[in-house]
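A.B. asks: Mind looking over this structure? Questions follow.
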Amino acid sequence: MIPRDWPLVIIDLKDCFFSIPLHPDDAPRFAFSIPSINREEPLQRYHWVVLPQGLKNSPTICQWFVARALCPAREKHPGAKIIHYMDDLLIAAPTQQELQRARDCVITEVQNAGLEISTSKIQEIAPWKYLGWKITEQTVKPQKIEIRTEVNNLQDLQQLLGEINWMRSILGITNDELAPLFNLLKGDSNIKSHRSLTPEAREALEKIAGALQQRQAHRFVTSLPFFLAVLGEKIQLYGLIFQWDSSQKDPLLILEWIFLSYRSPRTILSSLEMIAQIIIKARTRLQTMAGKDFKTIYLPLKKDYFDWALQKSEDLQIALLDYPGVCTIHFPSHKLLKAKLSFREKPKISEVPLDAITVFTDGSGKTHKSVLLTTEAAIWTKERGWIHASKIKGPVEEPKEWTITSEPGDTKLTLKRGLGGNELGRPKWSKKHTQDHT
Numbered sequence: 001m002i003p004r005d006w007p008l009v010i011i012d013l014k015d016c017f018f019s020i021p022l023h024p025d026d027a028p029r030f031a032f033s034i035p036s037i038n039r040e041e042p043l044q045r046y047h048w049v050v051l052p053q054g055l056k057n058s059p060t061i062c063q064w065f066v067a068r069a070l071c072p073a074r075e076k077h078p079g080a081k082i083i084h085y086m087d088d089l090l091i092a093a094p095t096q097q098e099l100q101r102a103r104d105c106v107i108t109e110v111q112n113a114g115l116e117i118s119t120s121k122i123q124e125i126a127p128w129k130y131l132g133w134k135i136t137e138q139t140v141k142p143q144k145i146e147i148r149t150e151v152n153n154l155q156d157l158q159q160l161l162g163e164i165n166w167m168r169s170i171l172g173i174t175n176d177e178l179a180p181l182f183n184l185l186k187g188d189s190n191i192k193s194h195r196s197l198t199p200e201a202r203e204a205l206e207k208i209a210g211a212l213q214q215r216q217a218h219r220f221v222t223s224l225p226f227f228l229a230v231l232g233e234k235i236q237l238y239g240l241i242f243q244w245d246s247s248q249k250d251p252l253l254i255l256e257w258i259f260l261s262y263r264s265p266r267t268i269l270s271s272l273e274m275i276a277q278i279i280i281k282a283r284t285r286l287q288t289m290a291g292k293d294f295k296t297i298y299l300p301l302k303k304d305y306f307d308w309a310l311q312k313s314e315d316l317q318i319a320l321l322d323y324p325g326v327c328t329i330h331f332p333s334h335k336l337l338k339a340k341l342s343f344r345e346k347p348k349i350s351e352v353p354l355d356a357i358t359v360f361t362d363g364s365g366k367t368h369k370s371v372l373l374t375t376e377a378a379i380w381t382k383e384r385g386w387i388h389a390s391k392i393k394g395p396v397e398e399p400k401e402w403t404i405t406s407e408p409g410d411t412k413l414t415l416k417r418g419l420g421g422n423e424l425g426r427p428k429w430s431k432k433h434t435q436d437h438t
């Protein structure tokens, strides 16, 4: 994150790898041979005296070498921000004078370390381009404003999703919007296997193309606190890290979006579990980027569910451990937040057993099904498979079985009768869990 309205300068290091000398004692270890034509003479043996690009840990060595060269500049100008990735440097400071002093110091220290500046690539006026981003005085957006729409195989699809995933935290492209594209990943895992865009996938790409043109994120304001809003108009929830600047016509300053994995490691993920994971991920992200915590966290829960969750939800309590701020369900008034908000109600789960139908489940895999549900207890035998308790006493009518349906990202639990297919809807229910039996 870069402070808003701070002037910037972008510096590119020329041939960074080849400017880093190897220690004389280590250089012979980087040996290689060149054969002669038709092997008319012995192999010519050489070794590198500078850092070779093909070495697996060369990027790590390059990063460390440049960081060490920048250490004196960071110490002399603590008020400036010097962002460094490989051979690309971004320098920001509160004023143009401070920026100029920090810039000159960085150039001096880098040259003293034996590195060379690419003077033709120095950027000092807006818009700045850095690591694929286009930066103005107040906003950040991707340089690339078009994405590929031609998909012929799995490799093309993976590359397309990789491009989208890289920019989605800035543009706010949700899992629900990407679902038609994620679904195309199913099937043959060979990267050359055929894939083609469905009408739903093409519609999703059109929405993403519109987001590339219209959406952007903001540079943060140093004097304003940070906020987290947990949003989600559908089943999947996501987070928004933002600031609120009342002096602006549009006070909502979008900094970054937080998304969970599309495919959860668990089949069923409750709203509170999703909220807890988003809070943990967002707090970790903000601590990394700004060294701070949120002033307020906004949760999409109705009043009775909110009060119950703060007292009973272990997941939420862990997510809020040592949190110094405030949690509330009263969101700021803004059209974007309102459009992406759907308040969750308390699920109809009883904390005590109910006088109702008892359903036994087994997810051990012995049945070659992900889940088996029956209305009475049963035991498993290798010879006869499942034997229901009632059958042990004598021949009785086959008890009704139940099935459970769940898609990735779908947290709705649906129980259906095996005979007749009548849905139960959403009755009140209680769960008891022992290992893989519930």
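Number 144 in our numbering belongs to position 144 of the sequence shown; there are no gaps in the numbering.
We put the beta carbon where it would ideally sit given N, CA and C, even for glycine.
1) Please state whether the Cβ-Cβ distance between I258 and I241 is less than 8 Å.
2) Would the region 63-78 count as touching the region 34-46 if we require 3 or more Cβ pairs under 8 Å?
3) From what residue to what residue does the beta strand (DSSP E) around S196 run?
4) Can you round the beta-carbon distance between I278 and G239 to whole angstroms, since I take them to be within the 8 Å contact cut?
5) What are the boundary residues of the beta strand (DSSP E) that G232 is part of?
6) Please tell me whether I318 and Y130 are closer than 8 Å, where the distance is taken between their beta carbons.
7) Quick one: residues in its chain with C-beta nearer than 7 Å to the C-beta of Q143, no 5 flanking neighbours on either side, listed in chain order?
8) Might you give, ordered along the chain, the residues of its own chain that have their beta carbon closer than 6 Å to the beta carbon of K281, omitting 5 neighbours on each side?
9) Taking the alpha carbon of H474 as the reference point, which residue from Q243, P300, K340 has its own alpha carbon closest?
10) For H47, is the classification buried or exposed, using 16 other Cβ atoms within 10 angstroms of its Cβ as the cut-off for buried?
11) To the nearest angstrom, how far is the alpha carbon of E443 from that of D315?
12) Suppose you measure from the CA of L413 to the CA of A339; what does that come to, to the nearest Å?
13) Determine the DSSP secondary structure at K348, reduced to helix, strand or coil.
14) Please check the pair D304 and K346, which I expect to be a contact at CB under 8 Å, by giving their CB distance rounded to whole angstroms.
15) With DSSP run on the structure shown, which of helix, strand or coil describes P78?
16) Please report the residue range of the beta strand (DSSP E) in which Y305 lies.
17) Give me the Cβ distance between S193 and N153, rounded to the nearest whole Å; I'm assuming they're in contact under 8 Å.
18) For S313, which residues in the same chain have their Cβ closer than 7 Å to its Cβ, ignoring the five residues on either side in sequence?
19) Hey, how far is the Cα of P127 from the Cα of Q214?
20) Which residues does DSSP list as the beta-bridge partners of P21?
21) Do the region 286-293 and the region 246-253 make contact, defined as three or more Cβ pairs closer than 8 Å?
22) From Y262, E206, F17, pick the residue whose C-alpha is nearest to that of I117; which is it?
23) Run through the region 98-159 for me and flag every whole alpha helix (DSSP H) of 4 or more residues, listed as ranges in chain order.
24) Taking all protein chains shown into account, do 16 or more other C-beta atoms lie within 10 angstroms of the C-beta of M167, making it buried, or fewer, making it exposed?
25) Determine the burial state of Q311: buried for a count of at least 16 other Cβ atoms within 10 Å of its Cβ, exposed for fewer.
26) Determine, using beta carbons only, whether T139 and Q216 come nearer to each other than 8 Å.
27) Looking at the secondary structure, which residues open and close the beta strand (DSSP E) in which F331 lies?
28) Here's the rule: buried if 16 or more other CB atoms are within 10 angstroms of the residue's CB, otherwise exposed. What is N175?
29) Take the Cβ of R148 as the centre, count every other Cβ of all protein chains shown within 10 Å, and call the residue buried at 16 or more, exposed below.
30) Which residues in the same chain as W308 place their Cβ atom closer than 8 Å to its Cβ, once the five residues preceding and following it in sequence are excluded?
31) Alpha carbon to alpha carbon, how far is R285 from N38?
32) Which class does I2 belong to by DSSP, given the choice of helix, strand or coil?
33) In the structure shown, what three-state DSSP assignment does Q63 receive?
34) With respect to the beta strand (DSSP E) encompassing T442, which residues constitute its N-terminal and C-terminal limits?
35) Short check: CB of L8 to CB of L90, under 8 Å?
36) Check whether the region 181-198 and the region 156-171 are in contact - that is, three or more C-beta pairs closer than 8 Å.
C.D. replies: The structure says:
1) yes
2) no
3) Where S196 is concerned, there is no enclosing beta strand (DSSP E), because DSSP gives it neither an H nor an E.
4) 4 Å between Cβ atoms; contact.
5) Premise fails: G232 is in no beta strand (DSSP E) and is neither H nor E.
6) no
7) K129, G132, W133, K134
8) I258
9) Since the first and last residues shown for the chain are 1 and 438, residue 474 lies out of range.
10) exposed
11) With the chain covering only 1 through 438, there is no way to say anything about residue 443.
12) For L413, the predicted model reports a pLDDT of 42, less than 50, meaning its position is unreliable; a value from the coordinates is still stated below. When rounded, the distance between both Cα atoms is 26 Å.
13) Of the three classes helix, strand and coil, the one that applies to K348 here is coil, per DSSP.
14) The Cβ separation is near 6 Å, so the contact holds.
15) For P78, the secondary structure class from DSSP, reduced to helix, strand or coil, is coil.
16) From DSSP, Y305 is part of no beta strand (DSSP E) but of the alpha helix (DSSP H) over 303-312.
17) Contact holds; Cβ gap of about 6 Å.
18) Excluding sequence positions up to five before and after S313, its CB lies within less than 7 Å of the CB of L272, all in the same chain and listed in chain order.
19) Between the alpha carbons of P127 and Q214 lies a gap of roughly 17 Å.
20) V50
21) no
22) F17
23) none
24) buried
25) exposed
26) yes
27) Run containing F331: none; DSSP gives neither H nor E here.
28) buried
29) It is exposed - the Cβ of R148 has fewer than 16 other Cβ atoms within 10 Å.
30) K346
31) 58 Å
32) Coil, per DSSP.
33) helix
34) Any question about residue 442 goes unanswered here, given that the chain covers just 1 to 438.
35) Yes, the Cβ-Cβ distance between L8 and L90 is below 8 Å.
36) yes
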